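Asker:
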Amino acid sequence: MRTYRIAIVGAGPAGYFAAQALQNSASDDQTFAIDMIERLPTPWGLVRSGVAPDHPKIKTVSKVFEKIATAGNFRLFGNVELGTDLQIKDLTDRYDAVIVSTGSSLGKKLGIPGENLQGSLSAADFVPWYNAHPDFTALDVPLDCDTAVVIGAGNVAMDVARMLALEPHELDATDTANHAIEALRKSSIRRVILCARRGPEHAAFTSPELRELPKLEHTNVLMDGNQISAARDRVGAEPEKDVKSNLDAMGLIVEREKTSHERTLEFEFLLTPIEIHGTDRVTEIALGINEIKDGKVVSTGQTKTIKCGLVVSAIGYEAAPIEGITYANGKIVNTDGRISGTNMYTVGWAKRGPSGVIGTNKSDASEVIKLLIEDLPKEPKNNGDVTELLQGHTVVTQSHWEAINAAEVAQGEPLGKPRVKAADRHELLRLGGL
Ligand code: NAP
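Sequential numbering of the sequence shown, starting at -10, is according to this note's numbering.
1. Indicate whether Gln12 and Ile57 have their beta-carbon atoms separated by less than 8 angstroms.
2. For the stretch 46 to 112, which segments carrying the alpha helix (DSSP H) assignment without a break, of at least 4 residues, lie completely within its bounds, in sequence order?
3. Report the residue from Lys351, Gln76 and Asp17 whose alpha carbon sits nearest the alpha carbon of Ala10.
4. Three-state secondary structure (DSSP) at Pro2?
5. Rounded to the nearest angstrom, what separates Leu418 and Glu280 at their Cα positions?
6. Would you tell me roughly how many angstroms separate the C-alpha atoms of Ala142 and Arg28, rounded to the nearest one?
7. In the DSSP assignment, find the alpha helix (DSSP H) that holds Thr349 and state where it starts and stops.
8. Taking the alpha carbon of Glu257 as the point to measure from, which residue in Gly214, Thr386 and Glu363 has its own alpha carbon closest?
9. Which first and last residues belong to the beta strand (DSSP E) in which Ala275 is found?
10. Consult DSSP for Asn235 and reduce its assignment to one of helix, strand or coil.
11. How about Ser109: is its Cβ closer than 7 angstroms to a heavy atom in ligand 1?
12. Starting from Leu254, follow the alpha helix (DSSP H) in both directions and report where the run begins and ends.
13. What did DSSP end up calling Gly290 once you bin it into helix, strand or coil?
14. Verify the contact flag: Ile140, CB atom, against every heavy atom of ligand 1, threshold strictly below 7 angstroms.
15. Roughly how many whole angstroms lie between the Cα atoms of Val336 and Ser249?
16. Taking only the alpha-carbon atoms, compute the straight-line gap between Glu273 and Leu110 and give it to the nearest angstrom.
17. Could you tell me which residues DSSP puts in a beta bridge with Phe194?
18. Between the stretch 286 to 303 and the stretch 174 to 192, can you find at least three pairs of beta-carbon atoms closer than 8 angstroms?
19. With a cut-off of 8 angstroms on the beta carbons, I'd call Trp390 and Gly67 a contact; round off their distance for me.
20. So, are the CB atoms of Ala303 and Ile178 less than 8 angstroms apart?
21. Do you know whose CA, among Ile358, Gln107 and Thr208, lies nearest Asp269's CA?
22. What is the DSSP secondary structure of Lys340, reduced to helix, strand or coil?
23. Counting C-beta neighbours from all protein chains within 10 Å, is the total for Asn167 16 or more, i.e. buried, or is it exposed?
24. In chain order, which beta strand (DSSP E) runs of at least 3 residues are fully inside the stretch 291 to 329?
25. Exposed or buried, Met(-10), counting other C-beta atoms within 10 Å across all chains shown (16 or more means buried)?
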């Protein structure tokens, strides 16, 4: 029996699905000893720090991750950062293969004047802030204004807009970070405007997310019926399935009886951000008005401004670079997951960019693992692992993580929450008994 040592860097969905594909590929004559390295004291990646807290069903995939982690031949090395506590060469020298599943954590920039003003944030910071990511607890989120503008027409923009437009009591039964619930309770924001640069038919939202909006109990959801009808006319009688489904869902929002809640979430299409105005902090955003001519989105040359105190851009992500790995266009340079000339592989958003839902990573990882197995040498390297390099370092193992997990869940139980997340690294380590 040959046992190959595989290191996986990044304990998000893509990393776990890669581990699962390895476990499923074990046979009578070869197995895989998996070491998963994660910079945070907690695993699960975006399932913990990305998925919106009011979407608990999506997080149930964490049960699958725990099954993988406890299936045997799997070790978690949490609180271990590549580049600081370990170098990539430490892994490539010791392991038969190294899988990089570090995702895309940096928010793409709008690249417009005023983007760095106080009150202009990226969803890449705002989302982990409300999800208790320890690196974002001190984020300055000014909510003392009436209006917030969210840029982008994807599911992240939708999550951000919904979180800002919800009645905060709706978050009581969720695992939203305590600091975020407190701040949102005090929030003066009553109007959230989501601005898409193209038309309704081009939006990257998925229809279940749109269909959820009319169920919001304390928020008026507004879309311009004329914009939706114009989009329907443009796409004709037989649009693509996803486009049809989105336009149908938007139609339901338009047809919905008007409500008169204190809070409003508005969708505006065909607006490109040009400049964010303000001296010390954001006071308004200027947007170019677009139109669709011959199927193309073009500028009308006209502009409009929206007075607001907060702008959150949710326009995509890029991978945070790791020394020793080559990146281009915000992702790792790779061919079908292989990192040329090395024993490294990549899966998930680090490999293909920030697209797809959590489940997309399952098929993606299993394709890459097939190639990895093809490439393995006849005999394992047998060159040790990272344990001796981490002597004296506080490592969160699977059992420490299970203690953290149990403590968070126990804290949430009497409050009717799935968990109360610890947002501080020291507190997380303390809960783990470290
Ligand atoms: P996304 O789906 O790619 O959407 C990005 C949006 O940003 C697009 O509407 C894009 O418009 C817009 N955009 C890009 N550059 C822009 C610019 N310079 N100015 C204005 N708008 C700009 O990305 P995402 O929302 O970050 O989501 C990432 C992935 O995670 C997606 O696959 C998403 O479905 C998934 N996700 C899923 C869920 C869920 O299942 N509930 C929740 C969150 C995220 P153009 O189309 O015009 O480029």
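Note that the Cβ used here is the ideal one computed from N, Cα and C, for glycine as well.
Remember, predicted model here, so these are calculated numbers, not experimental data.
Answerer: Taking the structure as given:
1. The count along the sequence shown starts at 1 and reaches residue 12 at position 23. The count along the sequence shown starts at 1 and reaches residue 57 at position 68. Yes, these two residues count as a Cβ contact at 8 angstroms.
2. Segments of the alpha helix (DSSP H) lying fully in the stretch 46 to 112: 51 to 58 and 77 to 83.
3. For this step, residue 10 is matched to residue 21 along the sequence shown. Ranking Lys351, Gln76 and Asp17 by Cα distance to Ala10 puts Lys351 first.
4. Counted from its first residue, the sequence shown places residue 2 at position 13. Looking at Pro2 - three-state DSSP - the assignment turns out to be helix.
5. If you number the sequence shown from 1, residue 418 lands on position 429. If you number the sequence shown from 1, residue 280 lands on position 291. Taking the straight line from one Cα to the other gives about 53 angstroms.
6. As a position in the sequence shown, residue 142 is number 153, starting the count at 1. As a position in the sequence shown, residue 28 is number 39, starting the count at 1. Annotation: Ala142 to Arg28 spans about 30 angstroms, alpha carbon to alpha carbon.
7. In the sequence shown, counting from the first residue as 1, residue 349 sits at position 360. Where Thr349 is concerned, the enclosing alpha helix (DSSP H) starts and stops at Thr349 to Asp364.
8. Position 268 of the sequence shown, counting from 1, holds the residue named residue 257. Ranking Gly214, Thr386 and Glu363 by Cα distance to Glu257 puts Gly214 first.
9. Numbered from 1 along the sequence shown, position 286 holds the residue referred to as residue 275. Where Ala275 is concerned, the enclosing beta strand (DSSP E) stretches over Glu273 to Lys282.
10. Position 246 of the sequence shown, counted from the first residue, corresponds to residue 235. Taken through DSSP and simplified to helix, strand or coil, Asn235 comes out as helix.
11. As a position in the sequence shown, residue 109 is number 120, starting the count at 1. No.
12. The residue labelled residue 254 in the question sits at position 265 within the sequence shown. Run containing Leu254: none in the alpha helix (DSSP H); it sits in the beta strand (DSSP E), Arg252 to Glu257.
13. For the purposes of this step, residue 290 is taken as residue 301 along the sequence shown, with counting starting at 1. DSSP places Gly290 in strand when its eight states are reduced to three.
14. For this step, residue 140 is matched to residue 151 along the sequence shown. Relative to ligand 1, the beta carbon of Ile140 is positioned inside 7 angstroms of a heavy atom.
15. What you label residue 336 is simply residue 347 of the sequence shown in a count that begins at 1. What you label residue 249 is simply residue 260 of the sequence shown in a count that begins at 1. Cα to Cα, the separation comes out at about 46 angstroms.
16. Taking the sequence shown and counting its residues from 1, the one referred to as residue 273 is at position 284. Taking the sequence shown and counting its residues from 1, the one referred to as residue 110 is at position 121. Roughly 14 angstroms between the two C-alpha positions.
17. Position 205 of the sequence shown, counting from 1, holds the residue named residue 194. DSSP, once it has assigned bridges, lists no residue as partnering Phe194.
18. Yes, the stretch 174 to 192 touches the stretch 286 to 303.
19. Along the sequence shown, one-based indexing puts residue 390 at 401. Along the sequence shown, one-based indexing puts residue 67 at 78. Yes, Trp390 and Gly67 are in contact; Cβ-Cβ is about 6 angstroms, under 8 angstroms.
20. Numbered from 1 along the sequence shown, position 314 holds the residue referred to as residue 303. Numbered from 1 along the sequence shown, position 189 holds the residue referred to as residue 178. Their beta carbons are not under 8 angstroms apart, which means Ala303 does not touch Ile178 by this criterion.
21. Numbered from its first residue, the sequence shown carries residue 269 at position 280. Checked all of Ile358, Gln107 and Thr208; the closest Cα to Asp269 is Gln107.
22. Your numbering for residue 340 matches position 351 in the sequence shown. Helix.
23. Within the sequence shown, the letter at position 178 stands for residue 167. Exposed, since its Cβ has fewer than 16 Cβ neighbours within 10 Å.
24. DSSP assignment within the stretch 291 to 329 yields the following whole beta strand (DSSP E) runs of 3 residues or more, N-terminal first: 299 to 302.
25. By 1-based counting over the sequence shown, the position of residue -10 is 1. Taking all protein chains in view, the Cβ of Met(-10) is surrounded by fewer than 16 other Cβ atoms within 10 Å, so the residue is classified as exposed.
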